[in-house]
Structure formats: structure tokens, C-alpha cells
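Numbering (mature numbering (1 follows the signal peptide of the UniProt record, and there is no 0)), first residue to last: -19 to -1, 1 to 107.
Glycine residues also receive a C-beta, built at the ideal position from the N, C-alpha and C atoms.
This structure is a prediction, so every number in the text was calculated from the model and none was measured.
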């Protein structure tokens, strides 16, 4: 079930907010370009953080965007679900519970059962 919320904060940067299966998706900027659909190759810039604010990965800091095929299982489920439907130029904040992230596995600097927060910008859809 998808719940859709539209905050009525005149000065807020969030333009829409909706939750899907405990995955929190916040559009902070709506894009106007091509839509990210299953089977397309998307290129994004992102910063990943833990709930304590510690950054564990950032394509922005590396200065190199990341590309993957949407729907192919190359990334965590939270990204598959959270990036689908974005349009080029759009920005989203994804709050990903463990079941859509790495679950009970620790991965590098990410502890097991971590909720992940990603700020994502969709640069290109092919």
C-alpha cells in the first residue's frame, strides 16, 4: 500500500512525500526530464548516511556519478523502489529500513540492521 502525503509548508523544500512498505520517499525537487522506469539505465549522484548522520558513501564527494540498470537487482531494494518514477533533474531523500537495505548483514562501515538515508539526484535516464 502506498500512502501519499503533500505537506503544506510554503517555504519547505519538500514538494511531496510518500511511503511504500516502510520505505520513506521524499521528493525534495521534482525533475522535468525522462522518467526512471524498470529496464532503463539511470545515472545518479548520492550521499548515503546512517541515522546518526555519519556519511558512509558519497558519489558527490568522489565527483563521479553512479550508473545502474533499474530493475536488474544491481542495487539494494530501497534504491530500486525509491528511484523508480523519478524524473531527470529530480532529487529525493530515501529513508530505507533494513529489510530494503542490507538487512542483518554488516557491509563495510554499515552495521547490521541499519536504516539508511540517501540523498539522491537523478542526472540521466537512458
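Compare the Cα-Cα distances from residue 27 to each of 71, 79, 87 and 3 and report the closest residue. Here the question's residue 27 lines up with position 46 in the chain shown. Among 71, 79, 87 and 3, the Cα nearest to that of residue 27 is on 71.
What's the gap between the Cα of residue 9 and the Cα of residue 105? Here residue 9 is taken as the residue at index 28 of the chain shown, counted from 1. Here residue 105 is taken as the residue at index 124 of the chain shown, counted from 1. Taking the straight line from one Cα to the other gives about 17 Å.
Determine the DSSP secondary structure at residue 16, reduced to helix, strand or coil. On the chain shown, residue 16 is found 35 positions in, with the first residue counted as 1. It is a strand residue.
Can you tell me the Cα-Cα spacing of residue 74 and residue 85, whole angstroms? Reading the chain shown from its first residue, position 93 is the one you call residue 74. Reading the chain shown from its first residue, position 104 is the one you call residue 85. Distance between the alpha carbons of residue 74 and residue 85: 23 Å.
Inspect the CB distances between the segment 79 to 96 and the segment 10 to 21 and report whether three or more fall short of 8 Å. no
Just to confirm the assignment: which complete alpha helix (DSSP H) runs, minimum length 4, are found wholly within the segment 35 to 89? 40 to 43 and 58 to 64
Let me know if residue 89 comes out buried or exposed under the rule of 16 or more other beta-carbons within 10 Å of its beta-carbon. The sequence position of residue 89 within the chain shown is 108, counting from 1. Residue 89 is exposed by the Cβ-count criterion.
Between the alpha carbons of residue 45 and residue 39, how many angstroms are there, rounded? The residue you call residue 45 lines up with position 64 of the chain shown. The residue you call residue 39 lines up with position 58 of the chain shown. In a straight line, the C-alpha of residue 45 is about 9 Å away from that of residue 39.
When you compare the CB positions of residue 69 and residue 15, do they come within less than 8 Å of one another, or not? If you number the chain shown from 1, residue 69 lands on position 88. If you number the chain shown from 1, residue 15 lands on position 34. Result yes, Cβ atoms of residue 69 and residue 15 sit closer than 8 Å.
Residue 9 bridges to which residues according to DSSP? Walking along the chain shown from the start, residue 9 turns up at place 28. Per DSSP, none; premise fails for residue 9.
Residue 48 vs residue 23 beta-carbon contact at 8 Å: If you number the chain shown from 1, residue 48 lands on position 67. If you number the chain shown from 1, residue 23 lands on position 42. Yes, these two residues count as a Cβ contact at 8 Å.
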